[in-house]
Amino acid sequence: MKRVKVLVVGAGVVGLSTAVCVAETLPYCSVTVIAEKFSPDTTGDGAAGILLPKEFPDIPLERQKRWFKESFDHLLAIADSPQASDAGVYLSSGYQIFKDIPSDKKPFWSDFVFGFRYMTDREMKRFPNHKFGQAFTTIKCECLNYLPWLEKRFRAVGGQIIHEKDEEVYPIRGQILKVSAPWLKNFIRDGDGNTYIYPGIRYVSIGGTRQAEDWRLEVDKEDSEGILERCCRLEPSLRGAQVMCEWVGLRPGRANPRVEHEYLHLQGRQVPLVHNYGHGGCGVTLSWGTALDALDLLRQSLFEKPPQARL
Amino acid sequence: MRVCIIGAGVIGLSTAQSIYQHFHSRISPLTIEVYADVFTPLTTSDGAAGLWQPYLYDKGNVQETKWNKETFDYLLSCLSSPDSVKMGIFLQSGYNLCPEPLPDPSFKNAVLGFRQLTKRELDMFPGYSFGWFNTALMIEGKTYLPWLMDWLRQRKVKFYQRKIGSFKELADSGADVIINCSGVRSGDLQPDPELQPARGQIIKVDAPWLKHWILTHDSSSGVYNSPYIIPGSRLVTVGGVFQVGNWNLQNSSVDHKNIWEAACKLEPSLQHARIVEDWTGLRPARSKVRLERETIRSGPTSFEVIHNYGHGGFGLTIHRGCAEEAARLFGQILEQKVLLAHSKSRL
């Protein structure tokens, strides 16, 4: 079979995951990643990397379950292996707490994480302003380690990399602080998504903000104050923690991630184009599952007849 | 009233604290002195990983289960205080793994969120088919002991670096009550065939991606003779061995090799961890904790001793409950002395 050239646009966690899936699975493809930003400058690099999905409105639940389960299982195998520290992938336990009892107490992903249960009364005592909570063990995947690790894997099967500018989506600005608090081992997340504490390998990420259409990459001091105040209320021991730095990232916001294919008419040919973008704050969480989906779409488009070009 | 405490590990220091808390406003003057030949960071308490967890079963020692729970509740209440970081206290979740099903442990109601492990979780640990998950407390001796010493110093407790040769030595110098918190070397002060060293060796490694403690249990090898991995605030403690009767404080390369191999099998990511150092300590093992009063005759007079030693591998776990009990025994002694003073004056 003739060698198929595949171009992956974007070298963030979704792009590299997709590139690795294609390059490792389809030996007749030669894959090139083209991007403007690489680790440590991608959005994922600043993200805490906790695997925790949200439910998208327009994608069938079975497909969302598959995206999450495949990402979780893939990363679990790494966490369980000698590669874990190189890849920056490990287990993380903690709580998601709610000020008001949510309508959906047991979300779709509760079966895929470990030991999902409701918090006991004794556990809720620590959070007097919250009425309900969930406890579980999930995976944390730090892109600062994971992306270079994926890149090594990609190059090992002949993948190529080109540095060049790529596409844009609407931003959901997020600010976090990296603090030194090595005694913190469990994550705490407020179910409203705006306050969270995620202990990492060398620092704890505390956040956050969710500012749609906000392109500012500069740190906002008021945001920092708000984050510190809210997080210290949930975890008083943070009051003495040293702030190492602040970081801002722009989540690729979209109502639903776009994982689908189409054809571009280029230079007289129908070129398959597979989209895999718009994961919002769920990039790390869904990277592998959507990459596998994109791989399937790529296979489909390589073997089906493209629609006739309009003359 | 002059109280002399022998031993500056977690037991000695916390006993001094409890006595101060209960009696400093009731007796004046109350002089508390701590005598020890080693202080933090060289005590047995300093080397321990600091995980709050009793042995799986109390074998009928319900007192000990009560003291353990008291300690947990006390530490939990300290978590919300601004001092929690300075005390070295924090929460950590983790796994207790067994090769076969076991009855629920004594501490299931003391810890937070106790549950059985699911099959998917057990798949991560080949060789273990059963176990529990819960959130417990960590209390790091290297931080807690300096904090306790500061706390005591601020309240005028005095410290003396000296090896005490006998209880009589202190009694002769004018001590009203002696509290024996001398741990594994208590036999030097008063022979106790039930007290034996249970040597432990640990390896401290840099592996900050580990966020859960993992303890394995093997009924054939006994407590702590099975691998365990306990992340601390800076380094991870890997163990373990429990060698009864072994007084050797030197690190053993044979133990190191066995501990390391077993731990890497349990947690493959450890293979890439940087080993920082080994440490050896002697747990003061005893069939049960000796926490009781003793009146010792010395010629025409007698003096009071409160024994508080033999806490094995659970000193940090049980310290507060025992300190409070020791304070209660001290209160008994005070009452008797007052009664004595009254009866003497009624002549």
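Protein chains in written order, with full-length UniProt numbering: chain A, 1 to 311; chain B, 1 to 347.
All C-beta atoms in this analysis are idealised placements derived from N, C-alpha and C, irrespective of residue type, glycine included.
Between the CA atoms of residue j and residue i - distance to the nearest angstrom
i: residue 41 of chain B; j: residue 195 of chain B; result: 24 angstroms
i: residue 87 of chain A; j: residue 85 of chain B; result: 30 angstroms
i: residue 294 of chain B; j: residue 167 of chain B; result: 11 angstroms
i: residue 91 of chain A; j: residue 25 of chain A; result: 27 angstroms
i: residue 20 of chain B; j: residue 323 of chain B; result: 11 angstroms
i: residue 84 of chain A; j: residue 266 of chain B; result: 13 angstroms
i: residue 132 of chain A; j: residue 109 of chain A; result: 18 angstroms
i: residue 129 of chain A; j: residue 117 of chain A; result: 20 angstroms
i: residue 122 of chain A; j: residue 100 of chain A; result: 18 angstroms
i: residue 311 of chain A; j: residue 155 of chain A; result: Because the pLDDT of residue 311 of chain A is 45, which lies under 50, any placement of that residue in the model is unreliable, and the number read from its coordinates should be weighed accordingly. Straight-line Cα distance between these residues: approximately 40 angstroms.
i: residue 159 of chain A; j: residue 282 of chain A; result: 25 angstroms
i: residue 238 of chain B; j: residue 331 of chain B; result: 41 angstroms
i: residue 307 of chain B; j: residue 327 of chain B; result: 11 angstroms
i: residue 178 of chain B; j: residue 125 of chain A; result: 40 angstroms
i: residue 201 of chain A; j: residue 182 of chain B; result: 39 angstroms
i: residue 5 of chain B; j: residue 76 of chain A; result: 51 angstroms
Proximity test, Cβ basis, 8 angstroms: residue i and chain B
i: residue 114 of chain A; result: yes
i: residue 185 of chain A; result: yes
i: residue 99 of chain A; result: no
i: residue 16 of chain A; result: no
i: residue 86 of chain A; result: yes
i: residue 77 of chain A; result: no
i: residue 93 of chain A; result: yes
i: residue 229 of chain A; result: no
i: residue 240 of chain A; result: yes
Chain A within 8 angstroms of residue i, Cβ atoms only
i: residue 212 of chain B; result: yes
i: residue 307 of chain B; result: no
i: residue 208 of chain B; result: yes
i: residue 352 of chain B; result: The structure shown does not extend to residue 352 of chain B, since chain B spans only 1 to 347, so no value can be given for it.
i: residue 93 of chain B; result: yes
i: residue 84 of chain B; result: yes
i: residue 269 of chain B; result: yes
i: residue 24 of chain B; result: no
i: residue 90 of chain B; result: yes
i: residue 249 of chain B; result: no
i: residue 237 of chain B; result: no
i: residue 148 of chain B; result: no
i: residue 118 of chain B; result: yes
i: residue 363 of chain B; result: Shown here, chain B extends from 1 to 347; a query on residue 363 of chain B therefore has no answer.
i: residue 231 of chain B; result: yes
For residue i, the three-state DSSP class (helix, strand or coil)
i: residue 143 of chain A; result: helix
i: residue 291 of chain A; result: helix
i: residue 116 of chain A; result: strand
i: residue 148 of chain B; result: helix
i: residue 314 of chain A; result: The structure shown does not extend to residue 314 of chain A, since chain A spans only 1 to 311, so no value can be given for it.
i: residue 354 of chain B; result: The requested residue 354 of chain B does not occur in the structure, where chain B is confined to residues 1 to 347.
i: residue 137 of chain B; result: strand
i: residue 314 of chain B; result: coil
i: residue 114 of chain B; result: strand
i: residue 243 of chain A; result: strand
i: residue 221 of chain A; result: helix
i: residue 2 of chain B; result: strand
i: residue 105 of chain B; result: coil
i: residue 35 of chain B; result: strand
i: residue 189 of chain B; result: coil
Proximity test, residue i beta-carbon vs the ligand GDP heavy atom, cut-off 7 angstroms
i: residue 266 of chain B; result: No copy of the ligand GDP occurs in the structure displayed, which carries no ligand at all.
Along the segment 125–145 of chain B, what residues have a CB closer than 8 angstroms to any CB found in chain D? Within the model displayed, chain D is absent; protein chains A and B are what it includes.
Can at least three beta-carbon pairs, one atom from the segment 33–53 of chain A and one from the segment 248–258 of chain A, be found at a separation below 8 angstroms? yes
Does the segment 303–322 of chain B come into contact with the segment 44–55 of chain B, if we say contact requires no fewer than three beta-carbon pairs (one atom in each stretch) closer than 8 angstroms? yes
I want to know whether the segment 150–161 of chain B touches the segment 24–41 of chain B - three or more CB-CB distances under 8 angstroms. yes
Between the segment 275–287 of chain B and the segment 94–108 of chain B, are three or more C-beta pairs nearer than 8 angstroms? no
How do the segment 183–193 of chain B and the segment 222–230 of chain B stand: do at least 3 beta-carbon pairs fall below 8 angstroms, yes or no? no
Across the segment 266–283 of chain A and the segment 233–245 of chain A, are there enough close Cβ pairs to call them in contact, namely three or more that are closer than 8 angstroms? no
For the segment 16–30 of chain A against the segment 48–58 of chain A, are there 3 or more C-beta pairs whose distance is under 8 angstroms? no
Check whether the segment 144–152 of chain B and the segment 261–276 of chain B touch, using three or more Cβ-Cβ pairs below 8 angstroms as the test. no
Name, going along the chain, the residues of the segment 193–214 of chain A whose beta-carbon falls closer than 7 angstroms to a beta-carbon of chain B. 199, 201 and 202
Does the segment 284–304 of chain B touch the segment 289–297 of chain A, meaning 3 or more C-beta pairs lie closer than 8 angstroms? no
Taking beta-carbon pairs under 9 angstroms, can you tell me which members of the segment 41–60 of chain B lie near chain A? none
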